[in-house]
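**Q**
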Amino acid sequence: MKNKLKLSYIILVAAALWFIMFSPWTKTHVNFWLTMAISGVILIALSIISGNYFWKNIRFNWRDLFIGLASAGFMWVVFWIGNFCATHLFHFAAPQVSAIYGLKSGSNLIMIALLLFFIIGPAEEIFWRGFVMERLSEKWGTWGGFIAATLIYSAIHIWAFNFILFMAALICGVFWGLLYKYNKNLFTVIISHALWDVMVFVIFPI
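Counting from -4, one number per residue, gives the positions in the sequence shown under our numbering.
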């Protein structure tokens, strides 16, 4: 892998960045939203250095735009149902959901929405689906790459010690991973992820 950074090293960088954002020892020392946005830019830059020319997998068309918009709405419904069930079945669910929404505390909602839609959501898809999943699929096949990328994506959220957040990341990883696996257009998952982020955090909080 001459002139390329090893995937394992880049994933370790991602894990370190997620630790800074989510761990109880570090999260109070940073602005979550700005750190998340900066982390996304760093990971995209590292993936490009490693040969991820992601723009080749971004193709606009009306069909995929509709799929992206519709899938974002579908995911919001899935999470609304999941939240309803979890908070009625598990005593720890409501406080953990509140902790996730507590990340908005003290931040401007317009700034959060802009960062989510234009940087954070797109960056996560470009990196996790467009780079990590693609690279792992080259090694272990499409299903192996999908499963491994999804597990890694969800695992780096453990720093928050929040089971609901971990499960949310796992569900998102499965959904957008499958969407990208079968659609093969980063544009679709970027629209889906970015819009869902804004819906669930700003416009229609669960």
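By construction, the Cβ of each residue, glycine as well, lies at the ideal position given by its N, Cα and C atoms.
(1) Is R54 helix, strand or coil by DSSP?
(2) Whole angstroms is fine: what's the gap from I53's alpha carbon to H86's?
(3) Could you tell me whether the stretch 56 to 75 touches the stretch 161 to 175, where touching means 3 or more Cβ pairs closer than 8 Å?
(4) Near K(-3), what residues of its chain come up, given a Cβ to Cβ distance below 7 Å and the 5 sequence neighbours on each side ignored?
(5) Please report the distance separating the alpha-carbon of W13 from that of G140.
(6) Which class does K(-3) belong to by DSSP, given the choice of helix, strand or coil?
(7) Name the residue from A10, S93, L29 and G46 whose alpha carbon lies nearest to the alpha carbon of V204.
(8) Which first and last residues belong to the alpha helix (DSSP H) in which A88 is found?
(9) When you compare only the Cα positions, how much space is there between W20 and T183?
(10) The alpha helix (DSSP H) with W135 in it runs from where to where?
**A** Walking through what the data contain:
(1) The sequence position of residue 54 within the sequence shown is 59, counting from 1. If DSSP states are grouped into helix, strand and coil, R54 belongs with coil.
(2) Working through the sequence shown from its first residue, we reach residue 53 at position 58. Working through the sequence shown from its first residue, we reach residue 86 at position 91. Rounded to whole angstroms, I53 to H86 spans 42 Å at the Cα level.
(3) yes
(4) Within the sequence shown, numbered from 1, the residue matching residue -3 stands at position 2. Confidence is the limiting factor: at K(-3) the pLDDT is only 44, short of 50, which leaves the residue's position unreliable, though a coordinate-based value still follows. Once the five neighbours on either side are set aside, K(-3) has no close Cβ partner at all.
(5) By 1-based counting over the sequence shown, the position of residue 13 is 18. By 1-based counting over the sequence shown, the position of residue 140 is 145. Roughly 21 Å separates the two Cα atoms.
(6) Here residue -3 refers to the residue found at position 2 of the sequence shown. Its pLDDT being 44, under 50, K(-3) is placed unreliably in this model, and the coordinates cannot settle the point.
(7) Outside the shown range of the chain (-4 to 201) lies residue 204, about which nothing can therefore be said.
(8) In the sequence shown, residue 88 corresponds to position 93, counting from 1. Residues A88 to Y96.
(9) Translated into the one-based positions of the sequence shown, residue 20 becomes position 25. Translated into the one-based positions of the sequence shown, residue 183 becomes position 188. Rounded to whole angstroms, W20 to T183 spans 36 Å at the Cα level.
(10) In the sequence shown, counting from the first residue as 1, residue 135 sits at position 140. From DSSP, the alpha helix (DSSP H) with W135 extends over E129 to A150.
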